[in-house]
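Asks:
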Amino acid sequence: MTIIDSQGSQASFSTILVEAQRRGALAWHRTLRRYLDLLVQGGVLTETKRDVGSVNPQQLYRNTQQKPTVYAGLKILQLYGLNWDTPLRGLYPVGTDLVGLLRSKSVTLSNRQVLAASKEDTLAHEVRRDADKTTGTLELVSALAATQTLDLPYLLRRSDELEIGRTVRLLLQKLIQTFDQISRDADGKIFLATRERFLQILRQYSKQKALSLLEAQGRGARGIKIVEALTSEHILNAAGKQMGITG
1 MTIIDSQGSQ ASFSTILVEA QRRGALAWHR TLRRYLDLLV QGGVLTETKR DVGSVNPQQL
61 YRNTQQKPTV YAGLKILQLY GLNWDTPLRG LYPVGTDLVG LLRSKSVTLS NRQVLAASKE
121 DTLAHEVRRD ADKTTGTLEL VSALAATQTL DLPYLLRRSD ELEIGRTVRL LLQKLIQTFD
181 QISRDADGKI FLATRERFLQ ILRQYSKQKA LSLLEAQGRG ARGIKIVEAL TSEHILNAAG
241 KQMGITG
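With the first letter of the sequence shown counted as 1, position 203 gets the number 203 in the working numbering; the numbers rise by one all the way through.
1. For the region 114-174, list the alpha helix (DSSP H) runs that are entirely contained and at least 4 residues long, ordered along the chain.
2. Of the choices THR149, GLY223 and LEU144, whose alpha-carbon is the least far from that of ILE235?
3. Alpha helix (DSSP H) containing THR15: first to last residue?
4. Under DSSP, the alpha helix (DSSP H) around ASN237 begins and ends at which residues?
5. Does the distance from the C-beta atom of VAL44 to that of ALA72 stay below 8 Å?
6. Looking only at its own chain, which residues have a Cβ that is under 7 Å from the Cβ of LEU172, when we skip the five neighbours before and after it?
7. Could you check whether GLU120 and ASP85 sit closer than 8 Å to each other, using their CB atoms as the reference points?
8. Please classify THR48 as buried or exposed, where buried requires at least 16 other C-beta atoms within 10 Å of its C-beta.
9. Within 8 Å (strictly less), CB to CB, does ASN63 reach chain B?
10. Counting along the chain, where does the alpha helix (DSSP H) carrying GLU196 start and finish?
11. On the DSSP bridge assignment, give the partners of SER249 in chain order.
12. Helix or strand or just coil, what does DSSP make of SER104?
13. Anyone know if the C-beta pair for LEU60 and THR122 falls short of 8 Å?
14. Provide the residue(s) that pair with LEU109 in DSSP beta bridges, ordered along the chain.
15. Is the distance from the Cβ of ASP160 to the Cβ of GLY220 below 8 Å?
See below:
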């Protein structure tokens, strides 16, 4: 972005490439093209083309001075493996920063190309959305959190920024409590299968020394009452459904 701004009101692809290589920012033009395409799709840059008399028109880029936009929602969670047959098909835009933009990926949904937020960003936004609008999707979040390894430091940082830091930490602590003890009331088949999966995930977090992050208080408690109402039975059934053990 600083390279483009340094070139005045707009900069051509070739000018950006030369300056980026001079600064040692990249060594391959295809890397730059993918990065610029991402910035354009995220709304950070605008791209125009100018006929310069050659086979390929000149590409010109301008900084919009706007925050990047990506998409979250249940449609995005389905891309990350959400295994629930739900009538909810939410898809909504959310503002992010350059880190969130670089973690996103371009996908086509219903003949529409959008930037899908990362799994961690989408989970955090879904918790915040449930806190604000009572969408009832916290169980879906718990199902993925119980069965898939996440970038825990990044998830917690995003949660703090969305003022759900305490809420998400409590959710993860509830998952640990649920699977850390033997439940006599739970369905044995569901409990054993989901517990084995979650303990594998927990070992990964332990190796990464990420579990200590749960001890921090976190910033923001929006939706914490929804998490407090989440029982071990809810967590087990959600995880079992995600793994295809229950219907």
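Where a beta carbon is used, it is the ideal one built from N, C-alpha and C, also for glycine.
Replies: The structure says:
1. 119-133, 138-147 and 152-161
2. The residue labelled residue 235 in the question sits at position 235 within the sequence shown. It is LEU144 whose Cα lies nearest to the Cα of ILE235.
3. For this step, residue 15 is matched to residue 15 along the sequence shown. Unbroken alpha helix (DSSP H) run through THR15: 13-23.
4. Taking the sequence shown and counting its residues from 1, one reaches residue 237 at position 237. Taken as a continuous stretch (DSSP letters only), the alpha helix (DSSP H) holding ASN237 covers 232-242.
5. To locate residue 44, count along the sequence shown from 1; it is residue 44. To locate residue 72, count along the sequence shown from 1; it is residue 72. The answer is no: Cβ separation not under 8 Å.
6. The sequence position of residue 172 within the sequence shown is 172, counting from 1. Only ALA145 and LEU214 meet the Cβ criterion.
7. Position 85 of the sequence shown holds residue 85. Position 120 of the sequence shown holds residue 120. Not closer than 8 Å, so no.
8. Locating residue 48 in the sequence shown gives position 48, where the first residue counts as 1. Looking at its Cβ environment, which holds fewer than 16 other Cβ atoms inside 10 Å, THR48 is exposed.
9. The structure shown contains no chain B; it holds only a single protein chain.
10. The residue given as residue 196 occupies position 196 in the sequence shown. Here the alpha helix (DSSP H) through GLU196 covers 188-207.
11. With the chain covering 1 to 247 only, the question about residue 249 has no answer from this structure.
12. For the purposes of this step, residue 104 is taken as residue 104 along the sequence shown, with counting starting at 1. Here SER104 sits in coil by DSSP.
13. What you label residue 60 is simply residue 60 of the sequence shown in a count that begins at 1. What you label residue 122 is simply residue 122 of the sequence shown in a count that begins at 1. Not in contact: LEU60 and THR122 (Cβ atoms no closer than 8 Å).
14. For the purposes of this step, residue 109 is identified with residue 109 of the sequence shown, where counting begins at 1. Partner(s): ARG112.
15. Working through the sequence shown from its first residue, we reach residue 160 at position 160. Working through the sequence shown from its first residue, we reach residue 220 at position 220. It is a contact, given that the beta carbons lie within the stated cut-off.
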